[in-house]
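Colleague: Sequence lines, in order, name chains H and W.
Just so we're aligned: 196 in numbering that gives the first Met the number 0 is position 197 of the first sequence, and the numbers increase by one with no gaps anywhere.
Just so we're aligned: 140 in numbering that gives the first Met the number 0 is position 141 of the second sequence, and the numbers increase by one with no gaps anywhere.
2 protein chains.
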Amino acid sequence: MNTVAIFGVGLIGGSFALALRKAGFTGRIIGVSSPETIRRALDLGVVDEGLPSREAAQTADLLYLAQPISRILELLAELDPWVRPEALITDVGSTKSTIVERAVGTISRCQFLGGHPMAGREQRGVEAAEADLFQGRPYVLTPRAPAELETSMVHDFTGWIDKIGAFRLVLDAAEHDRVVAYTSHLPQLASTAIAALLEGRAEPQTRVFGPALVDATRLALSSFDIWGDILITNQQSVQTALQSYIAKLTELSRVLDLDPSRMREHFERAAKFAAKVRDSS
Amino acid sequence: MNTVAIFGVGLIGGSFALALRKAGFTGRIIGVSSPETIRRALDLGVVDEGLPSREAAQTADLLYLAQPISRILELLAELDPWVRPEALITDVGSTKSTIVERAVGTISRCQFLGGHPMAGREQRGVEAAEADLFQGRPYVLTPRAPAELETSMVHDFTGWIDKIGAFRLVLDAAEHDRVVAYTSHLPQLASTAIAALLEGRAEPQTRVFGPALVDATRLALSSFDIWGDILITNQQSVQTALQSYIAKLTELSRVLDLDPSRMREHFERAAKFAAKVRDSS
């Protein structure tokens, strides 16, 4: 793997470039983004050069698609005629079934492997990129069959995933989407719902609060430009998670009504899970 | 104000003691807690000495009640015969109506003023105490009438609130409880519900997640020993907030079903509120 093309030099794409460099990658890193983003990425030393999609695809060993899902889907429809047969295309989309299916239908001249690095920050854009973003974080890969992980290009790529400090998890794309509906998309909607509920209520809410509200509304800062695609491409699993959550809140409300002391067991279950999340993160 | 007695030398009580010292308080700081906690508080230099409730109440100018709500309610039933007439009793309970009503019925020999410093940390206990905990945070006071704020003991006390870097807000106790049901108790239950929902589901949930789940489950670490009292003493407002939240989630679910693009307006409202919270915190 000598030449990497990052399509979409934002937080994730930019961080992957910086992480590769820090881990010792000495090849060429090409950025494919708007002229404005490329200028900033060059200034920050995140990429070596900017190229249009076609030229980047024609030279890269690894095509790293780090845009919003809808743009990844469009790109997958364009890339095939341009790529080198020994190249690997991978992506970082937050949902995997739609992307993997699209790739099956469009990419035939080189290998495609779906991926999802589960890292992020409150800030966005190439300015927020950092070499350690993936350190200790899961990096999910979603091959359609185990053999897809055994090609030499994938070995090379997964070696770099290890070197940038992420830990690899292999999941079926559909299973990935069902799980992240609960662990990522539900927390997003839970936060959006709190903040949307409080917006427009009387003034004191924005002054009378503690650190809890800052935490609870952090995800609510997220942009719909990214989340619209996620929700649309995982609609069914998100609905299932949302209904389970509404059912759990309704249960808590009923318990609070009938016998508040019985809330203890729910708090204890919750604290147990929260501790597990911290043990493994 | 020469002698302060901190009843309950945990995160909040301990931090108030440290904050007073840092702000230049040169009087005596007495701790009232379990022998084990007093030993740790003395080791950490948080208090000057430990005393039983009665002795502490008999000497203090300021009685600072920083225990769980149920213990504050018990103490309010005991303190009156012990206190000096020129003393001020204040508390830090997270709900105010029940406490203020109890004080009206029990405290007649000195002044009582309800308070709620809206500060906190993931950690608990005197070891987590820090002098800067209240810096830039709201400190709500809930007098029954404005004149209560004009006594010389309250002037002295509020002067120290200013010096420790908090900003004072004056609210009616019932209004305070209605507001925090939305800004504090709802975020708590939203987090508890997510974590309780995920606990017990299949294994991948505790590995396949990003920073979002860490944020979303932070409040779920909170102890029911504190929250049981809060929920019981604010049951009606908490139920109202919880029902509004369930209604908002149900609305989001319906929008997602009918026309996902219309989720944009909810995300934008939410992001607007989240930004306001950050502007004022």
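All residues carry an ideal CB built from backbone N, CA and C; glycine is no exception.
Since the model is a prediction, treat every value here as computed from it, not as a measurement.
Give me, in chain order, the residues of the same chain whose beta-carbon lies closer than 7 Å to that of I229 of chain W; leave out the 5 immediate sequence neighbours on both sides.
Modeller: Counted from its first residue, the second sequence places residue 229 of chain W at position 230. Result list for I229 of chain W: I68, S93, T94, H184, in chain order.
Colleague: For L273 of chain H, which residues in the same chain have their Cβ closer than 6 Å to its Cβ, ignoring the five residues on either side in sequence?
Modeller: Position 274 of the first sequence holds residue 273 of chain H. Note on identity: in this sequence residue 273 of chain H is Ala, with Leu being the wrong assignment. Nothing meets the Cβ criterion.
Colleague: Cβ of E267 of chain W less than 8 Å from any chain H Cβ?
Modeller: In the second sequence, counting from the first residue as 1, residue 267 of chain W sits at position 268. True, the Cβ-Cβ gap to chain H drops below 8 Å.
Colleague: With a threshold of 8 Å between beta-carbons, can E149 of chain H be considered close to chain W, or not?
Modeller: For the purposes of this step, residue 149 of chain H is taken as residue 150 along the first sequence, with counting starting at 1. So no, E149 of chain H is outside the interface.
Colleague: Note down, in chain order, each residue of its chain lying with its Cβ closer than 7 Å to the Cβ of A146 of chain H, except the 5 sequence neighbours on either side.
Modeller: For the purposes of this step, residue 146 of chain H is taken as the residue at position 147 of the first sequence. Around A146 of chain H: no qualifying Cβ.
Colleague: Name the chain W residues that come within less than 7 Å of E198 of chain H, Cβ to Cβ?
Modeller: Locating residue 198 of chain H in the first sequence gives position 199, counting from the first residue. What E198 of chain H touches in chain W: R268, A269, K271, F272.
Colleague: Please work out which residues of its chain come closer than 7 Å, Cβ to Cβ, to G124 of chain W, disregarding the five sequence neighbours upstream and downstream, and give them in chain order.
Modeller: Within the second sequence, numbered from 1, the residue matching residue 124 of chain W stands at position 125. Correct list, in chain order: G9, L10.
Colleague: Hey, out of W:T25, W:I5, W:S252, W:K271, whose CA is closest to A219 of chain H's CA?
Modeller: Looking up residue 219 of chain H in the first sequence gives position 220. A219 of chain H has its Cα closest to that of W:K271, out of W:T25, W:I5, W:S252, W:K271.
Colleague: For chain H, is any of its Cβ atoms less than 8 Å away from the one on P145 of chain W?
Modeller: Here the question's residue 145 of chain W lines up with position 146 in the second sequence. Chain H, which has no Cβ nearer than 8 Å to the Cβ of P145 of chain W, makes this no.
Colleague: Report the partner residues of P137 of chain W according to the DSSP bridge assignment.
Modeller: The residue you call residue 137 of chain W lines up with position 138 of the second sequence. Note: P137 of chain W sits in a beta bridge opposite W:F166.
Colleague: Along chain W, which residues have their Cβ under 8 Å away from the Cβ of Y288 of chain H?
Modeller: Since the first residue of chain H shown is 0 and the last is 280, residue 288 of chain H is not available in this structure.
Colleague: What are the start and end residues of the beta strand (DSSP E) that includes G104 of chain W?
Modeller: In the second sequence, counting from the first residue as 1, residue 104 of chain W sits at position 105. Looking at the DSSP string, G104 of chain W is not in any beta strand (DSSP E); the run it does join, the alpha helix (DSSP H), is 96 to 105.
Colleague: Under 8 Å, Cβ to Cβ, is there at least one residue of chain H near P137 of chain W?
Modeller: Locating residue 137 of chain W in the second sequence gives position 138, where the first residue counts as 1. Cβ-Cβ to chain H under 8 Å: yes for P137 of chain W.
Colleague: Cα separation between L75 of chain H and I245 of chain W?
Modeller: As a working mapping, residue 75 of chain H is identified with position 76 in the first sequence. As a working mapping, residue 245 of chain W is identified with position 246 in the second sequence. Cα to Cα, L75 of chain H sits roughly 39 Å from I245 of chain W.
Colleague: Skipping 5 residues on each side, what residues in its chain have a beta carbon closer than 6 Å to that of V169 of chain W?
Modeller: Taking the first residue of the second sequence as position 1, residue 169 of chain W is located at position 170. Only L140 meet the Cβ criterion.
Colleague: Using the Cα positions of E264 of chain W and I193 of chain H, report the straight-line distance between them to the nearest angstrom.
Modeller: In the second sequence, residue 264 of chain W corresponds to position 265, counting from 1. In the first sequence, residue 193 of chain H corresponds to position 194, counting from 1. Their backbone Cα atoms lie some 14 Å apart in a straight line.
Colleague: Might you give, ordered along the chain, the residues of its own chain that have their beta carbon closer than 8 Å to the beta carbon of W159 of chain H, omitting 5 neighbours on each side?
Modeller: Taking the first sequence and counting its residues from 1, one reaches residue 159 of chain H at position 160. Cβ neighbours of W159 of chain H beyond the five flanking positions: M0, L19, A22, F24.
Colleague: Which stretch, first to last residue, makes up the alpha helix (DSSP H) that contains T2 of chain H?
Modeller: The count along the first sequence starts at 1 and reaches residue 2 of chain H at position 3. First-last for T2 of chain H: 2 to 6, but that is the beta strand (DSSP E), not the alpha helix (DSSP H).
Colleague: For S96 of chain W, which residues in the same chain have their Cβ closer than 6 Å to its Cβ, ignoring the five residues on either side in sequence?
Modeller: Counting from 1 along the second sequence, the entry for residue 96 of chain W is found at position 97. These residues qualify, in order along the chain: A172, A173, D176.
Colleague: Going by CA-CA distance only, name the one from W:D79, W:A86, W:L148, W:S190 that's closest to R101 of chain W.
Modeller: The residue given as residue 101 of chain W occupies position 102 in the second sequence. Answer by Cα proximity: W:D79.
Colleague: Please tell me whether L282 of chain W and L251 of chain H are closer than 8 Å, where the distance is taken between their beta carbons.
Modeller: Because chain W is modelled from 0 through 280, residue 282 of chain W falls outside the range shown and cannot be assessed.
Colleague: Does any residue of chain W have a CB that is nearer than 8 Å to the CB of R167 of chain H?
Modeller: Along the first sequence, one-based indexing puts residue 167 of chain H at 168. For R167 of chain H, the answer is no, since every Cβ of chain W falls outside 8 Å of its Cβ.
Colleague: So with CB distances below 7 Å, who are the chain H contacts of W284 of chain W?
Modeller: Look at the range of chain W in this structure, 0 to 280, and you will see that residue 284 of chain W is not part of it.
Colleague: State buried or exposed for V179 of chain W, treating a residue as buried only when at least 16 other CB atoms are found within 10 Å of its CB.
Modeller: Here residue 179 of chain W refers to the residue found at position 180 of the second sequence. So V179 of chain W ends up on the buried side.
Colleague: To be precise: take each residue of the region 91 to 121 of chain W, compare its Cβ to all Cβ atoms of chain H, and keep it if any distance is under 7 Å. Which residues remain?
Modeller: Under the 7 Å Cβ criterion, the region 91 to 121 of chain W contributes M117, A118, G119.
Colleague: Can you tell which of H:I71, H:S107, H:G26 has its C-alpha closest to the C-alpha of S32 of chain H?
Modeller: By 1-based counting over the first sequence, the position of residue 32 of chain H is 33. Residue H:I71 is the option with its Cα nearest to S32 of chain H.
Colleague: Just the Cα atoms here: how many angstroms apart are P116 of chain H and A211 of chain H?
Modeller: Start at 1 with the first residue of the first sequence, and residue 116 of chain H comes out as number 117. Start at 1 with the first residue of the first sequence, and residue 211 of chain H comes out as number 212. So the two alpha carbons sit approximately 27 Å from each other.
Colleague: Give the residues from the region 52 to 85 of chain H that approach chain W closer than 7 Å (Cβ to any Cβ), ordered along the chain.
Modeller: Residues passing the 7 Å Cβ filter: none.
Colleague: Please list, in chain order, the chain W residues whose beta carbon lies closer than 8 Å to that of S14 of chain H.
Modeller: Numbered from its first residue, the first sequence carries residue 14 of chain H at position 15. Ordered by position in chain W, no residue passes the 8 Å Cβ test against S14 of chain H, which lies about 13 Å from the chain.
Colleague: Considering only their Cβ atoms, is the gap separating I37 of chain H from V3 of chain H smaller than 8 Å?
Modeller: Translated into the one-based positions of the first sequence, residue 3 of chain H becomes position 4. Translated into the one-based positions of the first sequence, residue 37 of chain H becomes position 38. No; because the gap between Cβ atoms is not below 8 Å, this pair is not in contact.
Colleague: Quick check on R296 of chain H: buried or exposed, where buried means 16 or more other Cβ atoms within 10 Å of its Cβ?
Modeller: With chain H running from 0 to 280 in the structure shown, residue 296 of chain H is simply not present.
Colleague: Using the beta-carbon of each residue, which ones in chain H are nearer than 8 Å to I231 of chain W?
Modeller: What you label residue 231 of chain W is simply residue 232 of the second sequence in a count that begins at 1. Ordered by position in chain H, the residues that pass the 8 Å Cβ test against I231 of chain W are P259.
Colleague: Could you tell me which of H:D42, H:D47, H:L87, H:V45 sits nearest to A64 of chain H, measuring between CA atoms?
Modeller: Residue 64 of chain H sits at position 65 when you count from the first residue of the first sequence. Inspection of the sequence shows that residue 64 of chain H is occupied by Leu rather than by Ala. When each option's Cα is compared against that of L64 of chain H, the closest is H:L87.
Colleague: Check whether chain H comes within 8 Å of M152 of chain W, counting only Cβ atoms and requiring the distance to be less than that.
Modeller: Your numbering for residue 152 of chain W matches position 153 in the second sequence. No, M152 of chain W does not count as interfacial toward chain H.
Colleague: Are the C-beta of D287 of chain W and some C-beta of chain H separated by less than 8 Å?
Modeller: This structure gives no information on residue 287 of chain W, because the portion of chain W shown stretches from 0 to 280.
Colleague: Since W81 of chain W and Q57 of chain W are thought to touch, with beta carbons under 8 Å apart, how far apart are those beta carbons, to the nearest angstrom?
Modeller: Translated into the one-based positions of the second sequence, residue 81 of chain W becomes position 82. Translated into the one-based positions of the second sequence, residue 57 of chain W becomes position 58. Between Q57 of chain W and W81 of chain W the Cβ distance is about 5 Å, and since that is below 8 Å, they are a contact.
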